[in-house]
Amino acid sequence: MPRRLSLALALLPLALPAAAQRTPDQEAPEAVLPEIEVAAERAPTAPPRQEIPAAIGSRVTTLDRATIEALPGGGAQPLSQVLLQTPGVVQDSFGEIHIRGEHRNLQYRLNGVALPEALSGFGQLFDTRALRSVTVLSGPLPAQYGFRTNAVIELQTRTGRTDPGGSIGVQGGSRGTLQPFANWAGMVGGWDVFASGSLLRSLQAIENPTSSWQAINGGTQQARGLVYAARPLDETTRLAVIAGTSIGSFRIPNTPGLAPEFTAYGVSDFDSTALRAKQWERTWYGTAAVQKTLGDVEIQVAPFIRSSSTHYVPSIPGELVFNGVASDVYRGSLAIGTQADATWRAAETHTIRAGLQVTGERARFRSLTTVLPLDAEGAALDDPLVLADRFGRTGWLYGGYVQDEWRLTEALTLNYGLRWDQMVQYVTAGQVSPRVNLVWRATESTTLHAGYARTFTPPQFELVSNATLTRFEGTTGAPANTLNDPVKPERAHRFGVGLLQRIGENLTLGVDAYYKDVRDLLDYGQFGNALIFTPFNYRSGRVYGVEFSGTWRSERWQVYGNLALSRSAGKQIDSAQFTFDPEELAYISGKYVRTDHDQLVTGSAGAVWRGWEGGRLSASMLTGNGLRRGFANSEKLAPYASFNFGIAQDFTGPDKGTWTVRLDLINAFDTIYQLRDGTGIGVGAPQFGLRRTILAGLSRAF
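Throughout the sequence shown, residue numbering follows mature numbering (1 follows the signal peptide of the UniProt record, and there is no 0), covering -20 to -1, 1 to 682 in sequence.
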């Protein structure tokens, strides 16, 4: 199976949640963001917290900055690793995560403002050190959330008004890892400003295709930056501006001992460790949000722009010898749009919300594919030829919603509404979707919720392939078949119920169950020579599961644990069929098969102990019973568990400043575990989890 390259983009969400739009004088004891701030003041390090805001009726789990910094790895952790410490999040290769049995379908928001996620492959767009908190919302969401509705990732940056100051430092260790960083928050001429930047150099960033301690040809260099500024324009108007960038280069790790299959340029014996493929990723984004209060009405208008690109550069002679195909592939995307939202406190028991959004995206694709011609017997000839392909297309997304948050009683809240979504891309489709959520605070310590949501999810526009398949006929690049029905939007019915129970002052327990019935289930696979994700549809699908969580906190201890059981299955591939072998296509058409990212059991846990002045010990773990593998995902990989430990100490340096020294041990017991073995639907190459890693850091606060 040829080597492959993944890249990710989650289209932006439609609207702000109620909690982000409230003013301080509004009665909203269940609002998310104020709860986060209070928790940070009450507990310097808080475990992941679960909440069910009445305005949302969905499960909310939050990790604050103190927790992120205290856990093993601290701010050096990629955002995906932080999210793995929340319920129901499954680890995959290339930094991919799966929440509640789905592939992607996530929306990201920064400081309450919707941001389109960039085209990305191996790199992370956001620097974890820049975040004040990370919150995950999951379940049937109200009508204000559109397009990407499986989960909402709410990111909060530090601000100069509430958290002034900054830090500068460096963290590094195993495999030549070196990461200098700096950030600062403060007030400048009436502006509330935060700025953050970091560099990263390492000999391994992408998962190793072998079980060895260090990957061959696995180097990376990355840079990230973010600036946030906000100020009031008058007593009822506020302006917020966000701009950021992420740039990275990645070498594609090699597998030694591969057997050549072809002869190219007179070479028939090639050392697979000498391959030098690499990938470039570049992203920048910006948004400006104007918020206005007019009596009982709040309005926000937020234009945005995002540009990103991914460029895979092959090691041509070697890839031809091993795969018969070597593709230089570029994908670029420019998205521009505006969202507008309004909240009206129509009555003491009714809050009306409405909004509109329009997004235009220009996707560009070009490739130079080197292949070998075939003779009349089907044997490859050593006469390489280059096939060029280039196309571009503009697509549009439109959305609108109206909903009512109705407080039936002090303990019972009903949130009901309608939203409309329309896509004009490779296919034109739309849907009107009802949503309803009910939250009941049965007692001061017990909260129950239930919800239903009809959802409409467009495929990632810039990933849809429109390549001319017939041009590969008679070459080593010819697909197994030429069927290529267009990728369709996913339409689903989502159901969810849950319970949150506080026991005493320290312990909180939660349980949530969900079910999703799907038409045209969207999934993504790595097909072809270039390692690029391609979306496709299962004609029908079903996803269901249950999640258990617990958190416990005291003056010195913070502890949490999560356990999730999940099933994800689909039947009959009805788009992008050319990426599948005919035998596999026929098998899937007749029965449900597990999706490649299906994992029955997933668990995570962590603890932080502040046992002495300025010091802390921490531990975390992650476990899973294995992703799918084999023909039509009929088998699974072996179970695994990895453990991490950390220690940190604050002290006063010779300059009278506050310094922090830390030492972290990732995968402390050097567990060898495999995330992928190169088999399964849309799986391109083996990937192993990170071997034991030692990181040390020194920083100075100012």
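Beta carbons: idealized from backbone N, C-alpha and C, even for Gly. All values derive from a computational prediction rather than experimental measurement.
Item                                                                                                                                                        : Value
Which partner residues of Tyr381 appear in the DSSP bridge assignment?                                                                                      : Gly335 and Arg399
Starting from the Cα of Tyr432, find the closest Cα among Arg474, Thr603 and Pro562 and give me that residue.                                               : Arg474
Would you call Phe302 buried or exposed, if buried means 16 or more other Cβ atoms sit within 10 Å of its Cβ?                                               : buried
So, do the segment 214 to 231 and the segment 261 to 280 have three or more beta carbon pairs nearer to each other than 8 Å?                                : yes
Skipping 5 residues on each side, what residues in its chain have a beta carbon closer than 7 Å to that of Asn486?                                          : Trp532, Arg533 and Ser534
Could you tell me which of Gln667, Arg547 and Ser529 sits nearest to Tyr572, measuring between CA atoms?                                                    : Arg547
Can you have a look at Arg109 and say buried or exposed, based on whether 16 or more other CB atoms are within 10 angstroms of its CB?                      : buried
Three or more C-beta pairs closer than 8 Å, one from the segment 599 to 611 and one from the segment 637 to 644: is that the case here?                     : no
Any Cβ of chain B within less than 8 Å of the Cβ of Pro189?                                                                                                 : Considering every chain present, this structure includes no chain B. It has just one protein chain.
Can the beta-carbon of Thr462 be found less than 8 Å from the beta-carbon of Val70?                                                                         : no
Helix, strand or coil: how does DSSP classify Gln61 here?                                                                                                   : helix
So what does DSSP say about Leu675, is it helix, strand or coil?                                                                                            : strand
For the alpha helix (DSSP H) that Leu158 lies in, which residues bound it at each end?                                                                      : Where Leu158 is concerned, there is no enclosing alpha helix (DSSP H), although the beta strand (DSSP E) it sits in stretches over Thr157 to Val168.
Does the pairing of the segment 249 to 259 with the segment 227 to 238 give three or more beta-carbon distances under 8 Å?                                  : yes
Could you pull the start and end residues of the alpha helix (DSSP H) that Phe302 belongs to?                                                               : Ile296 to Asn303
Can you give me the C-alpha to C-alpha distance between Leu64 and Asp72, rounded to a whole angstrom?                                                       : 10 Å
Name the DSSP bridge partner or partners of Ser191?                                                                                                         : Note: Ser191 sits in no beta bridge, so no partner.
I need the straight-line Cα distance from Val277 to Leu336, nearest angstrom please.                                                                        : 16 Å
Could you pull out every residue in the same chain whose Cβ sits closer than 6 Å to the Cβ of Glu82, ignoring the five residues on either side in sequence? : Asn130
Looking at the strands, I want to know which residues DSSP matches up with Val221.                                                                          : Ala209 and Ala268
Which residue marks the beginning of the alpha helix (DSSP H) containing Arg45, and which one marks its end?                                                : Arg45 to Ala50
Grab me the residues of Leu580's own chain with a C-beta within less than 6 Å of its C-beta, minus the 5 sequence neighbours each way, in chain order.      : Asn605
According to the neighbour-count rule (16 or more other Cβ atoms, all chains shown, within 10 Å of its Cβ), is Ile16 buried or exposed?                     : Residue confidence is low: Ile16 scores 28 on pLDDT, short of 50, so the model does not pin down where it sits. No coordinate-derived value is stated.
Give the C-beta separation of Ser598 and Gly669 to the nearest angstrom, bearing in mind that I take them to be a contact with Cβ-Cβ under 8 Å.             : With a Cβ gap of about 20 Å, Ser598 and Gly669 do not count as contacting.
Quick check: what's the CA-CA separation for Ala50 versus Gly626?                                                                                           : 8 Å
Can you grab the Cα-Cα spacing for the pair Asp497 / Tyr378, in whole Å?                                                                                    : 24 Å
Identify the continuous beta strand (DSSP E) that holds Leu180 and give its terminal residues.                                                              : Trp171 to Ser182
Check this for me: beta carbons of Tyr504 and Pro515, under 8 Å apart or not?                                                                               : yes
For the candidate residues Ala56, Arg45 and Gly119, whose alpha-carbon lies nearest to that of Asn417?                                                      : Gly119
At 3 residues or longer, and completely inside the segment 509 to 565: list those beta strand (DSSP E) runs for me, N to C.                                 : 512 to 533 and 537 to 553
Would you report the Cα separation of Pro562 and Thr659, rounded to the nearest angstrom?                                                                   : 16 Å
Go to Pro414, then tell me how far its beta strand (DSSP E) extends in each direction, as first and last residue.                                           : Thr408 to Arg421
Which residue or residues does DSSP assign as beta-bridge partners of Asp107?                                                                               : Answer is none; Asp107 lacks a bridge partner.
Taking only the alpha-carbon atoms, compute the straight-line gap between Arg39 and Thr318 and give it to the nearest angstrom.                             : 28 Å
Hey, could you find the ends of the beta strand (DSSP E) Phe148 is sitting in?                                                                              : It is Ile, not Phe, that sits at residue 148 in the sequence shown. Its beta strand (DSSP E) spans residues Gly145 to Gly153.
If you compare alpha carbons, which of Thr448, Ala648, Gly126 and Asp172 is closest to Gly145?                                                              : Asp172
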